[in-house]
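First residue of the sequence shown? That's 1 in full-length UniProt numbering, and the numbers climb one at a time after it.
We put the beta carbon where it would ideally sit given N, CA and C, even for glycine.
This one's a predicted model, so the numbers in the text were calculated from it and none came from an experiment.
This report refers to the structure that appears directly beneath it.
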Amino acid sequence: MRVLEFIREKREQFQKQNAEFIAKLEPQFKNLSDKVTQTLANTLNNPWVSFFKPSDDGDDEPRPLVLSPEAAKVYQELQEQLGEETFVGEWLLVDQKCINQFAEVTGDKQWIHTDAERAAEESPFKTTIAHGFLTLSLIPALTDTVNSDNNPYPDAKMVVNYGLNQVRFPFPVKSGSRVRARTRLIGLTPMKRSIEIVNEVSIEVENSKRLACVAETVLRLYF
1 MRVLEFIREK REQFQKQNAE FIAKLEPQFK NLSDKVTQTL ANTLNNPWVS
51 FFKPSDDGDD EPRPLVLSPE AAKVYQELQE QLGEETFVGE WLLVDQKCIN
101 QFAEVTGDKQ WIHTDAERAA EESPFKTTIA HGFLTLSLIP ALTDTVNSDN
151 NPYPDAKMVV NYGLNQVRFP FPVKSGSRVR ARTRLIGLTP MKRSIEIVNE
201 VSIEVENSKR LACVAETVLR LYF
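Right, here's the structure in full:
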């Protein structure tokens, strides 16, 4: 009899403790549920997410992408250039004034870029060299893509710099050197409202067999 009473007492204690535990956790679960609901609502209301609409008929088959006439025309023209060199630029001088201005703007005033006397004595290049990011930042000018009088994509309403896939700086640009860019079209992707273009840009240094920079640039043309 005592055993049964003991079991009954322990069961009642367990039920009471369990109820208290659930009561403590319930507000926390409610707060968590509210946060999840709010997050999902914010995500679904995001304009980027709104581009991805579920299929009305439940069919998971990909639908063919329909380009506007302007975009289709440009896409066809670019397809014919895929894998080919599309541009060779003019030589541009990178002098100490240019290097110093870049150092001032970026705050990168390391002596290998700005101290000509020390560089002549201690640098293996015996002179100051341009920042790698300075060479990279010259790509728009070197590829003539910022020249409004010579727009390479006149049919596009807007051209957006979408970023870079890869960048390397194989060889430094010494102060007083001239550089130029060569562009090769290596990627082309049609999208709903744009065309994505990937160019391989190689920056040459005059009188040098080694490249100063090789970068894969990504542009998006909007129509």
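What number of angstroms, rounded off, separates the C-alpha of residue i from the C-alpha of residue j?
i	j	result
Val167	Val160	19 Å
Ser194	Arg118	50 Å
Leu138	Val201	11 Å
Ile197	Phe102	28 Å
Glu85	Arg184	4 Å
Pro124	Arg180	24 Å
Thr127	Val205	15 Å
Gln79	Arg178	32 Å
What span of residues does the beta strand (DSSP E) with residue i cover, start to end?
i	result
Gln166	Met158 to Arg168
Leu92	Leu92 to Val94
If distances are taken between C-alpha atoms only, which option among the options comes closest to residue i?
i	options	result
Val74	Ile112, Met191 and Ala215	Met191
Phe171	Phe223, Leu136, Ala156 and Leu211	Leu211
Tyr162	Leu219, Gln79 and Asp115	Leu219
Thr189	Gln13, Leu67, Glu12 and Arg11	Leu67
Val94	Pro154, Lys209, Ile129 and Leu164	Ile129
Ile186	Pro152, Asn199 and Asn151	Asn199
Pro152	Ala215, Glu77 and Lys109	Glu77
Thr135	Asp149, Tyr222, Ala215 and Pro69	Ala215
Arg182	Thr217, Val105 and Gly176	Thr217
Just verifying my parser: in three-state terms, what is the DSSP assignment at residue i?
i	result
Val205	strand
Asn199	strand
Val105	helix
Gly89	coil
Arg184	strand
Leu134	helix
Lys126	coil
residue 239	It is not possible to answer for residue 239, since the shown part of the chain is limited to 1 through 223.
Ala215	strand
What residue range does the alpha helix (DSSP H) around residue i cover?
i	result
Glu84	No alpha helix (DSSP H) holds Glu84; DSSP gives it neither H nor E.
Arg118	Ala116 to Glu122
residue 256	With the chain covering only 1 through 223, there is no way to say anything about residue 256.
The segment 90-110 contacting the segment 129-147, beta-carbon criterion three pairs below 8 Å
yes
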